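J.:
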Amino acid sequence: MSDCIFCRIVAGEIPSRKVYEDDEVFAFHDIHPVAPVHFLLIPKRHIASLAECGAADCDILGRMLLLASKLAKEQGLDAGFRTVINTGRGGGQEVFHLHMHVFGGGASLPGF
Ligand code: 5GP
Ligand code: ZN
Numbered sequence: 001m002s003d004c005i006f007c008r009i010v011a012g013e014i015p016s017r018k019v020y021e022d023d024e025v026f027a028f029h030d031i032h033p034v035a036p037v038h039f040l041l042i043p044k045r046h047i048a049s050l051a052e053c054g055a056a057d058c059d060i061l062g063r064m065l066l067l068a069s070k071l072a073k074e075q076g077l078d079a080g081f082r083t084v085i086n087t088g089r090g091g092g093q094e095v096f097h098l099h100m101h102v103f104g105g106g107a108s109l110p111g112f
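Quick note on numbering: this note's numbering labels position 78 of the sequence shown as 78, and the sequence is numbered without any gaps.
(1) Following a CB-centred definition, is I42 positioned closer than 7 Å to any heavy atom of the ligand 5GP?
(2) Please work out which residues of its chain come closer than 6 Å, Cβ to Cβ, to Q75, disregarding the five sequence neighbours upstream and downstream, and give them in chain order.
(3) Measure the C-alpha to C-alpha separation of K44 and D22 and round it to an integer number of angstroms.
(4) Just to check, is the beta-carbon of S2 closer than 7 Å to a non-hydrogen atom of the ligand ADP?
(5) Per DSSP, what kind of secondary structure is A27 in: helix, strand or coil?
(6) So the candidates are V25, D78, C7 and F39; which of them puts its Cα closest to the Cα of S108?
(7) So, helix, strand or coil for R82, using DSSP?
(8) Just mark V102 as buried or exposed, buried being the case when its beta carbon has 16 or more other beta carbons within 10 Å.
(9) Tell me, to the nearest whole angstrom, how far the beta carbon of G88 is from that of A51; I am working on the premise that it is less than 8 Å.
(10) Is it buried or exposed for I9, if we count other Cβ within 10 angstroms and need 16 for buried?
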């Protein structure tokens, strides 16, 4: 998916501030943070959105959730953090490569 901005970030074609990388997952700081710490967790394999996931993706989705918690702690978010997955146009998704926002720090986030 050479036209996918997040695939290009994984490939190193677009620079990013890397937080974490393994064989399946890549994490990097969001370019427009909404909190003092705000990074994105993505599968290296192109999946357009959560709506495209099926049973075969259980493992990668579970790994992303566990990594969100581990990396948030490593980034100093001891008091807690928020995870968001925008899905589809109606869900506010702008980049169509599955990603989980992880953010927090500073003032407490509003409830909803
Ligand atoms: P979405 O609205 O699709 O859930 O969120 C996409 C996120 O990707 C936005 O928060 C936006 O700031 C971030 N983003 C878009 N392009 C880039 C980029 O080139 N580099 C980085 N680091 N973040 C990006
Ligand atoms: Zn992609």
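We treat Cβ as the ideally placed atom computed from N, Cα and C, and that holds for glycine.
Bear in mind that the values here come from a model prediction, so they are computed numbers and not experimental data.
T.: This is what the structure gives:
(1) no
(2) V37
(3) So the two alpha carbons sit approximately 9 Å from each other.
(4) Here the bound small molecules are the ligand 5GP and the ligand ZN; the ligand ADP is not part of this structure.
(5) strand
(6) D78
(7) R82 falls in the strand class under three-state DSSP.
(8) Buried is the call here.
(9) With a beta-carbon spacing of about 6 Å, G88 and A51 fall inside the 8 Å limit used to define contacts.
(10) buried
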